[in-house]
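Worksheet: one structure, shown below.
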Amino acid sequence: MRLTKKDLLGIQDLSVDEINLILDTAESFIEVSTREIKKVPTLRGKTIINLFMEPSTRTRTSFEIAGKRLGADTVNISATTSSVVKGETLIDMARNLEAMNPDVIVIRHNASGAPHMLAKLVKQSIINAGDGAHEHPTQALLDMMTIKARKGRIAGLRVAIIGDIAHSRVARSNIYGLTRMGAQVTVAGPATMLPRQIEQMGVTVHQHLEEAIKDVDIIMMLRIQTEREQQNIFPSLREYSRCFCLNRKNIRLAKDDALVMHPGPINRGVEIAPDIADGPASVILEQVTNGVAVRMALLYLLTGGKS
Amino acid sequence: MRLTKKDLLGIQDLSVDEINLILDTAESFIEVSTREIKKVPTLRGKTIINLFMEPSTRTRTSFEIAGKRLGADTVNISATTSSVVKGETLIDMARNLEAMNPDVIVIRHNASGAPHMLAKLVKQSIINAGDGAHEHPTQALLDMMTIKARKGRIAGLRVAIIGDIAHSRVARSNIYGLTRMGAQVTVAGPATMLPRQIEQMGVTVHQHLEEAIKDVDIIMMLRIQTEREQQNIFPSLREYSRCFCLNRKNIRLAKDDALVMHPGPINRGVEIAPDIADGPASVILEQVTNGVAVRMALLYLLTGGKS
Amino acid sequence: MRLTKKDLLGIQDLSVDEINLILDTAESFIEVSTREIKKVPTLRGKTIINLFMEPSTRTRTSFEIAGKRLGADTVNISATTSSVVKGETLIDMARNLEAMNPDVIVIRHNASGAPHMLAKLVKQSIINAGDGAHEHPTQALLDMMTIKARKGRIAGLRVAIIGDIAHSRVARSNIYGLTRMGAQVTVAGPATMLPRQIEQMGVTVHQHLEEAIKDVDIIMMLRIQTEREQQNIFPSLREYSRCFCLNRKNIRLAKDDALVMHPGPINRGVEIAPDIADGPASVILEQVTNGVAVRMALLYLLTGGKS
Numbered sequence: 001m002r003l004t005k006k007d008l009l010g011i012q013d014l015s016v017d018e019i020n021l022i023l024d025t026a027e028s029f030i031e032v033s034t035r036e037i038k039k040v041p042t043l044r045g046k047t048i049i050n051l052f053m054e055p056s057t058r059t060r061t062s063f064e065i066a067g068k069r070l071g072a073d074t075v076n077i078s079a080t081t082s083s084v085v086k087g088e089t090l091i092d093m094a095r096n097l098e099a100m101n102p103d104v105i106v107i108r109h110n111a112s113g114a115p116h117m118l119a120k121l122v123k124q125s126i127i128n129a130g131d132g133a134h135e136h137p138t139q140a141l142l143d144m145m146t147i148k149a150r151k152g153r154i155a156g157l158r159v160a161i162i163g164d165i166a167h168s169r170v171a172r173s174n175i176y177g178l179t180r181m182g183a184q185v186t187v188a189g190p191a192t193m194l195p196r197q198i199e200q201m202g203v204t205v206h207q208h209l210e211e212a213i214k215d216v217d218i219i220m221m222l223r224i225q226t227e228r229e230q231q232n233i234f235p236s237l238r239e240y241s242r243c244f245c246l247n248r249k250n251i252r253l254a255k256d257d258a259l260v261m262h263p264g265p266i267n268r269g270v271e272i273a274p275d276i277a278d279g280p281a282s283v284i285l286e287q288v289t290n291g292v293a294v295r296m297a298l299l300y301l302l303t304g305g306k307s
Numbered sequence: 001m002r003l004t005k006k007d008l009l010g011i012q013d014l015s016v017d018e019i020n021l022i023l024d025t026a027e028s029f030i031e032v033s034t035r036e037i038k039k040v041p042t043l044r045g046k047t048i049i050n051l052f053m054e055p056s057t058r059t060r061t062s063f064e065i066a067g068k069r070l071g072a073d074t075v076n077i078s079a080t081t082s083s084v085v086k087g088e089t090l091i092d093m094a095r096n097l098e099a100m101n102p103d104v105i106v107i108r109h110n111a112s113g114a115p116h117m118l119a120k121l122v123k124q125s126i127i128n129a130g131d132g133a134h135e136h137p138t139q140a141l142l143d144m145m146t147i148k149a150r151k152g153r154i155a156g157l158r159v160a161i162i163g164d165i166a167h168s169r170v171a172r173s174n175i176y177g178l179t180r181m182g183a184q185v186t187v188a189g190p191a192t193m194l195p196r197q198i199e200q201m202g203v204t205v206h207q208h209l210e211e212a213i214k215d216v217d218i219i220m221m222l223r224i225q226t227e228r229e230q231q232n233i234f235p236s237l238r239e240y241s242r243c244f245c246l247n248r249k250n251i252r253l254a255k256d257d258a259l260v261m262h263p264g265p266i267n268r269g270v271e272i273a274p275d276i277a278d279g280p281a282s283v284i285l286e287q288v289t290n291g292v293a294v295r296m297a298l299l300y301l302l303t304g305g306k307s
Numbered sequence: 001m002r003l004t005k006k007d008l009l010g011i012q013d014l015s016v017d018e019i020n021l022i023l024d025t026a027e028s029f030i031e032v033s034t035r036e037i038k039k040v041p042t043l044r045g046k047t048i049i050n051l052f053m054e055p056s057t058r059t060r061t062s063f064e065i066a067g068k069r070l071g072a073d074t075v076n077i078s079a080t081t082s083s084v085v086k087g088e089t090l091i092d093m094a095r096n097l098e099a100m101n102p103d104v105i106v107i108r109h110n111a112s113g114a115p116h117m118l119a120k121l122v123k124q125s126i127i128n129a130g131d132g133a134h135e136h137p138t139q140a141l142l143d144m145m146t147i148k149a150r151k152g153r154i155a156g157l158r159v160a161i162i163g164d165i166a167h168s169r170v171a172r173s174n175i176y177g178l179t180r181m182g183a184q185v186t187v188a189g190p191a192t193m194l195p196r197q198i199e200q201m202g203v204t205v206h207q208h209l210e211e212a213i214k215d216v217d218i219i220m221m222l223r224i225q226t227e228r229e230q231q232n233i234f235p236s237l238r239e240y241s242r243c244f245c246l247n248r249k250n251i252r253l254a255k256d257d258a259l260v261m262h263p264g265p266i267n268r269g270v271e272i273a274p275d276i277a278d279g280p281a282s283v284i285l286e287q288v289t290n291g292v293a294v295r296m297a298l299l300y301l302l303t304g305g306k307s
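Protein chains in written order, with the numbering used here: chain P, 1 to 307; chain C, 1 to 307; chain L, 1 to 307.
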C-alpha cells in the first residue's frame, strides 16, 4: 500500500487507513535505529530540506537523523541564519528551494497554515513540523504509535489531554487523530486555556485535572509555555501547578496501567512532577524513539515508498 | 579540458574559454538534479567547507546541495556560531581550516578582497561566494548559463542591468562576464547608485530605466538593499519604485522576447512588480536551478575534474 | 587493544596505556586526511551528535570532519538554535538525544562536570569537548600527539605552560596528561591567574615567563580571554603582554629546538608575537591537523574499534 498524498500537512486530512499505514511502516523502521549499522540506502540521492523558522532541537534533530538513517542528504535552514533577515517572503523562499529540486521540505513555522500555503506552491512533498497553534502531525503520529505499541490498540481507549489546549498544536493534532482512531478523548485545563466550542471536536471537557484523568488509559500532559505567564492567560506558574500538575497523588485516579505521555520539553514541577516524568508509567522517552521511526516512515512513504 | 586555476575569485580573472568551460560543465550537471537518485560519487571523500560570514539562505544552500549531490562531505560554518566571536582574525581562521585538509573553502564575507587574501594564504581552492560590494562570480556564471540556455548565445545580446550598480557585487561580476562574452551592457539607476567612471567598465549608462531597457534582450534587475533607505542613498522606497520598478508598462520597451532576471531575494513592488516576477518573461527560478549546476561544475573543476 | 572506557571525560581518568593507545591510533589515522579520497567506511551507519553549548569553530568543525571522514552521520546542535531557549534542562535534553539512538555525543558546555553528568545518565559514549574551566581532553591529546610526533617521546621532556592557568581547561588537561606521561611541567602567569596549591598537581610554578621557559623543550602558550580584562583579573592587556608575551627575545631562553604550541585561537601580540606564532618553532597548525586525527581515533575507539 502506498500513501497517495503529496504532503503531510495535518492529522485532520488523514483517514484511518492512512494513519494505520504510517504507523505500521514506522513500526518496521524501529529496528533500523537499533542495528550496529543504523543506515539503509532507501533514500540515497534524495534531498531533504529542514526549514525551521522557530527554534527546535528535538524535532529538527529527529527529522535530520531520520533522513540520514535512510541515506538521504539533509540540509538545515534555520530562521536565524537565513535570508529571512533580508525580508524575503516565505513564498519566494519556498519557490527558490523548489528550484533546487529537493524531494521533501520539512517546515516549522509560527504561522498557522504556512505549510499548506507551501504545499500548494511547490511540487515537492511538504511535511508540517508544527505550524503556529494549528497542527503538529508528526507528534500526534508518534504519540499514536507509542500508544499502539504499549496498548495494542487505540480504539476504545480513554485518553486525557491536560493543559493549554487552546494554544497547543500537539493537542489539536492528537484530538483529530485519537478520535478518528476510535479513542475517547477528554481534555482539561484552566478556563482561559480551553478553546470555545472545543466539544465540537468530539471531546469531553473538564475544568479539573482530577475529573479528566479518572479511569483513563492514557494521560497526555502538555507543555506550559512559561513565557505566557506575563500575558495573564493564567495567574501564575505556582497556581497552575497547584491545579494541573500531574503528581503521585492525582495519578492514582487513572487506571493502574495508565501511561503518562508528554511531547517535551518538560517543565519539571510545573505540569508534571519529576517522579512521574521519570516513573514507571512514563513513556516520554519511547515517544522520542518512536519519533525518529515515524519520521523515517513519512519520508519513505512521501517519496514513493510502499509498505 | 581542465580549469587550471586554483581558485574562483572573480569573473574579472576568467577568460572566454574558462567561462565557456564552466558553463558547458554546468550544463552537463543539470541532469543530475532531475534524476530519481540525485547523486553521483564524483567528489566522494572530498571535504567542502562553506564559510559564511554574512547571512545567506540561497547561496549557502545551493553550494551545500551541489556538494552533497557530487558525494562530497560538506561542513557549514557561519559567523554567528563561529569563533569569530572570540576575536580570531580571518587569516588565522583560514589557516586553521587549511590544517584540517579540506579540498575547497567557499567563502562569503562582507569585506571586498577577503577571498583573495585567503587564496594566497591557503593551498586549498577558494570559491568566492560574494565579497562585499566587489564580486559574486557564481551568480554571474549562473546568470550567463541561464541566458545561454534560453538565447543560445551571449555574444551580441543587449543586456540592461538596473538598480544599485554602485553597491552590487552581482552587477560588477555580470558586467565583467557579459562584456567579456561579447554582450552589450547598459546600466541604469539613481545618480547616487551609479559609480563614477562606470563607463570604463565598457557599459553605457542611463539615468532612466526606460532608456536603458529599450530593445534589450535581457533585463537584469538588482535587489534594493532596503536597509540603505536610512542612509540617504535614495529618497525613499516609494520614490525608487516609481522610477526603477520593472512593471508591465515599461517592460514593453524591451524586445518582445526579452528575459527578466533577478538574483533574489526579490522585493516585490520595489524593484520588480509581482506580475513581472511571476510572469512568462521571468527566468528567476531557472537562475536558481542553474545555480546548483554551476556550483557543481566549479566544485568538480576546481578539484581536478575535466570536461 | 581496545579502549574499555565508555566515555572520554578527562585526561585525569586515563592511564599511560590508554593515552598511548589513543595516540597510536590517531597516528594511524593521520594518513586518511591526506588521501585523494579522504574517507573510510569504518563508522558507516553510526550517528554522532555534536552538542555545543558554547560557541566554537575549530573544535566543532574538527569533530564534524573527523566523523564524516570515518563515514559516520554527524548532527550538530548549538545552544543558540536549540530548545535550550525553551528552558529545557541539560539532563532532559541528554535523555532525549539518547532516545534517538546516537552512538556518540560530543559535548561542550560552560559548566564544569556537565559531560560527566551526561555520561552517568545515558548509555552512549560521551566525549568532553571542553567543560567550563575543568578539562579539554581532546586538546591535551592532540598536544601530546604533536609533541610525540616531533620529539619522539614525552617522558623526560621539559614543558612550560604560560598564561591564565587558573581558568584554562587546556592547562589542566595538559598538566594531567604530560605529568602522567613523564614530562616535567612548569607553569607561569600573573599571580591572579595561578590557582592555589597548583604545585599539588605535580608542577613547578614561576611568576615570570623567563624563569619558566628556561631550557624547556616545549612552550605551550595559553589564550588570554580578553573579555576578562574587565574583571580585574589582570591590570591590562598591555601590561599582560609586556610580561607574558612570547617573543623573539625571551624565546632564546628555551632550548634551541624548543617547540611553540598554542591551542588557538591566538591573540597576536597579546600572548604570542606574530613572528613567533608563524615562525619555525611554531607547531600550532600541526596541532590542528593532529586534532582531526585524535578525534577520529576517539570516535573509532569509543565505538568499539581496536588498534
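Each residue gets a CB set at the ideal place from its N, CA and C atoms; glycine is no exception.
Self-check item: Continuous beta strand (DSSP E) stretch holding GLN12 of chain C: start and end
Solution: Taking the first residue of the second sequence as position 1, residue 12 of chain C is located at position 12. No beta strand (DSSP E) contains GLN12 of chain C, which DSSP labels as neither H nor E.
Quiz prompt | Classification of GLY152 of chain L by the beta-carbon crowding that lies within 10 angstroms, buried from 16 upward | solution = Numbered from 1 along the third sequence, position 152 holds the residue referred to as residue 152 of chain L. Classification for GLY152 of chain L: exposed.
Exercise. Answer yes or no: does any C-beta atom of chain C fall closer than 8 Å to that of ARG268 of chain P?
Key: As a first step, residue 268 of chain P must be located in the first sequence, where it is residue number 268. Output row for ARG268 of chain P: interface = no.
Practice problem: Could you spell out where the beta strand (DSSP E) holding MET221 of chain L opens and where it closes? | Solution: Here residue 221 of chain L refers to the residue found at position 221 of the third sequence. Boundaries of the beta strand (DSSP E) around MET221 of chain L: 218–221.
Quiz item: Whose C-alpha, out of P:LEU21, P:LEU14, P:THR57, is nearest the C-alpha of PRO263 of chain P?
Solution: For the purposes of this step, residue 263 of chain P is identified with residue 263 of the first sequence, where counting begins at 1. Relative to PRO263 of chain P, the option among P:LEU21, P:LEU14, P:THR57 whose CA is nearest is P:THR57.
Exercise. May I ask you to report which of helix, strand or coil DSSP gives ASN110 of chain C?
Key: On the second sequence, residue 110 of chain C is found 110 positions in, with the first residue counted as 1. Coil at ASN110 of chain C, not helix or strand.
Quiz item: How big is the Cα-Cα spacing for LYS290 of chain C and LEU298 of chain C?
Solution: Residue 290 of chain C sits at position 290 when you count from the first residue of the second sequence. Residue 298 of chain C sits at position 298 when you count from the first residue of the second sequence. Reading off the sequence, residue 290 of chain C comes out as Asn, not Lys. The C-alpha of LEU298 of chain C is placed about 12 Å away from the C-alpha of ASN290 of chain C.
Exercise. Could you tell me which uninterrupted alpha helix (DSSP H) segments, each at least 4 residues in length, are contained entirely in the region 132–183 of chain P, listed from first to last along the chain?
Key: The alpha helix (DSSP H) runs of length 4 or more contained entirely in the region 132–183 of chain P are, from start to end of the chain, 137–151, 169–180.
Practice problem: Determine contact between the region 153–171 of chain P and the region 209–227 of chain P, defined as no fewer than three beta-carbon pairs at a distance below 8 Å. | Solution: Counting C-beta pairs closer than 8 Å gives three or more between the region 153–171 of chain P and the region 209–227 of chain P, which meets the contact rule.
Quiz item: Going along the chain, which unbroken runs of the alpha helix (DSSP H) with 4 or more residues stay wholly within the region 13–55 of chain P?
Solution: With a minimum length of 4 residues, the continuous alpha helix (DSSP H) runs that stay inside the region 13–55 of chain P are 16–29.
Quiz item: Exposed or buried, what is GLN139 of chain P when buried is set at 16 or more other beta-carbons lying within 10 Å of its beta-carbon?
Solution: As a first step, residue 139 of chain P is located in the first sequence; it is residue number 139 there, counting from the start. By the neighbour-count rule (16 or more Cβ atoms within 10 Å), GLN139 of chain P is buried.
Exercise. Whole angstroms is fine: what's the gap from SER82 of chain L's alpha carbon to THR89 of chain L's?
Key: For the purposes of this step, residue 82 of chain L is taken as the residue at position 82 of the third sequence. For the purposes of this step, residue 89 of chain L is taken as the residue at position 89 of the third sequence. The predicted model places SER82 of chain L with a pLDDT of 49, which falls under 50 and marks its position as unreliable, so this point remains unresolved.
Practice problem: State yes or no: is the beta carbon of GLY264 of chain P nearer than 8 Å to at least one beta carbon in chain L? | Solution: On the first sequence, residue 264 of chain P is found 264 positions in, with the first residue counted as 1. Taking a beta-carbon distance threshold of 8 Å, GLY264 of chain P counts as an interface residue toward chain L.
Quiz item: How far does the alpha helix (DSSP H) with THR74 of chain L in it reach, from first residue to last?
Solution: By 1-based counting over the third sequence, the position of residue 74 of chain L is 74. Unbroken run through THR74 of chain L is the beta strand (DSSP E), 73–78; no alpha helix (DSSP H).
Quiz item: LEU8 of chain C and ILE127 of chain C look like a contact to me (Cβ under 8 Å); what is the Cβ gap, rounded to whole Å?
Solution: As a working mapping, residue 8 of chain C is identified with position 8 in the second sequence. As a working mapping, residue 127 of chain C is identified with position 127 in the second sequence. Contact holds; Cβ gap of about 5 Å.
Practice problem: Tell whether a beta-carbon distance below 8 Å holds between ILE30 of chain P and PRO137 of chain P. | Solution: As a first step, residue 30 of chain P must be located in the first sequence, where it is residue number 30. As a first step, residue 137 of chain P must be located in the first sequence, where it is residue number 137. For ILE30 of chain P and PRO137 of chain P, no; Cβs fall outside 8 Å.
Quiz prompt | Pairwise C-alpha distance: ARG108 of chain C and GLY168 of chain C | solution = Residue numbering aside, residue 168 of chain C sits at position 168 when the second sequence is read from its first letter. Residue numbering aside, residue 108 of chain C sits at position 108 when the second sequence is read from its first letter. Before going on, a small fix: residue 168 of chain C reads as Ser here, not Gly. Distance between the alpha carbons of SER168 of chain C and ARG108 of chain C is about 14 Å.
Quiz item: Do VAL104 of chain C and the ligand COA come close, with the Cβ less than 7 Å from some heavy atom?
Solution: You won't find the ligand COA in this model; it holds no ligand whatsoever.
Quiz item: If you drop the 5 nearest sequence neighbours on each side, which residues of the same chain put their C-beta closer than 6 Å to that of VAL106 of chain P?
Solution: As a working note, residue 106 of chain P is residue 106 in the first sequence. Counting only Cβ-Cβ distances below 6 Å, and skipping sequence neighbours, we find ASN50, PHE63, ILE127, ALA129.
Exercise. Return helix, strand or coil for THR204 of chain P, following the three-state DSSP convention.
Key: As a position in the first sequence, residue 204 of chain P is number 204, starting the count at 1. Three-state DSSP puts THR204 of chain P in a strand.
Exercise. Establish whether the CB of ASN101 of chain C and some CB of chain L are separated by less than 8 Å.
Key: As a first step, residue 101 of chain C is located in the second sequence; it is residue number 101 there, counting from the start. So yes, ASN101 of chain C belongs to the interface.
Practice problem: Look at the alpha carbon of VAL122 of chain P and the alpha carbon of ALA94 of chain P, and state the distance between them as a whole number of angstroms. | Solution: In the first sequence, counting from the first residue as 1, residue 122 of chain P sits at position 122. In the first sequence, counting from the first residue as 1, residue 94 of chain P sits at position 94. Approximately 7 Å, taken between the alpha carbons.
Quiz item: Is there contact between the region 196–206 of chain P and the region 216–225 of chain P, where contact requires at least three CB pairs shorter than 8 Å?
Solution: Look at the beta carbons and you see the region 196–206 of chain P not touching the region 216–225 of chain P: under three pairs across the two are nearer than 8 Å.
Quiz prompt | Distance, ILE218 of chain P Cα to ARG295 of chain P Cα | solution = The residue labelled residue 295 of chain P in the question sits at position 295 within the first sequence. The residue labelled residue 218 of chain P in the question sits at position 218 within the first sequence. The straight-line gap from Cα to Cα measures roughly 23 Å.
Quiz item: Would you call the CB atoms of MET100 of chain C and ILE65 of chain L closer than 8 Å?
Solution: Here the question's residue 100 of chain C lines up with position 100 in the second sequence. Here the question's residue 65 of chain L lines up with position 65 in the third sequence. Their beta carbons are under 8 Å apart, which means MET100 of chain C touches ILE65 of chain L by this criterion.
Quiz item: For LYS38 of chain L and chain C, any beta-carbon pair shorter than 8 Å?
Solution: The residue you call residue 38 of chain L lines up with position 38 of the third sequence. With a threshold of 8 Å between beta carbons, LYS38 of chain L makes contact with chain C.
Quiz item: What do you reckon, are the CB atoms on GLY67 of chain P and ILE48 of chain P nearer than 8 Å?
Solution: As a first step, residue 67 of chain P must be located in the first sequence, where it is residue number 67. As a first step, residue 48 of chain P must be located in the first sequence, where it is residue number 48. Going by C-beta atoms, GLY67 of chain P is nearer than 8 Å to ILE48 of chain P.
Exercise. State yes or no: is the beta carbon of SER236 of chain P nearer than 8 Å to at least one beta carbon in chain L?
Key: To locate residue 236 of chain P, count along the first sequence from 1; it is residue 236. With its beta carbon at least 8 Å from every one in chain L, SER236 of chain P lies outside the interface.
Quiz item: Which bits of chain C does GLU64 of chain L rub up against, with CB to CB less than 7 Å?
Solution: Here the question's residue 64 of chain L lines up with position 64 in the third sequence. For a Cβ distance threshold of 7 Å, residue set VAL75 of chain C lies close to GLU64 of chain L, ordered along the chain.
Practice problem: Note down the Cα distance separating SER236 of chain C from THR226 of chain C, rounded to an integer number of angstroms. | Solution: Walking along the second sequence from the start, residue 236 of chain C turns up at place 236. Walking along the second sequence from the start, residue 226 of chain C turns up at place 226. Distance between the alpha carbons of SER236 of chain C and THR226 of chain C is about 9 Å.
Quiz item: Are any of the Cβ atoms in chain P nearer than 8 Å to that of ASN57 of chain L?
Solution: Working through the third sequence from its first residue, we reach residue 57 of chain L at position 57. According to the sequence displayed, residue 57 of chain L carries Thr and not Asn. Answer no: the Cβ-Cβ gap between THR57 of chain L and chain P never drops below 8 Å.
Quiz item: Residue range of the alpha helix (DSSP H) that LEU302 of chain P falls in?
Solution: As a working mapping, residue 302 of chain P is identified with position 302 in the first sequence. LEU302 of chain P -> alpha helix (DSSP H) spans 284–302.
Quiz item: How would you call MET1 of chain P, buried or exposed, if buried means at least 16 neighbouring beta carbons within 10 angstroms?
Solution: The count along the first sequence starts at 1 and reaches residue 1 of chain P at position 1. Taking all protein chains in view, the Cβ of MET1 of chain P is surrounded by fewer than 16 other Cβ atoms within 10 Å, so the residue is classified as exposed.
Quiz prompt | Whole-number beta carbon distance between ASP92 of chain L and PRO280 of chain P, since they are thought to touch under 8 Å | solution = By one-based count along the first sequence, residue 280 of chain P stands at place 280. By one-based count along the third sequence, residue 92 of chain L stands at place 92. 18 Å between Cβ atoms; not a contact.
Quiz prompt | Where the alpha helix (DSSP H) containing MET93 of chain C begins and where it ends | solution = Counting from 1 along the second sequence, the entry for residue 93 of chain C is found at position 93. 90–99 is the extent of the alpha helix (DSSP H) around MET93 of chain C.
Practice problem: Check whether the Cβ atoms of ALA191 of chain P and HIS208 of chain P sit closer than 8 Å, and answer yes or no. | Solution: Residue 191 of chain P sits at position 191 when you count from the first residue of the first sequence. Residue 208 of chain P sits at position 208 when you count from the first residue of the first sequence. Contact: no.
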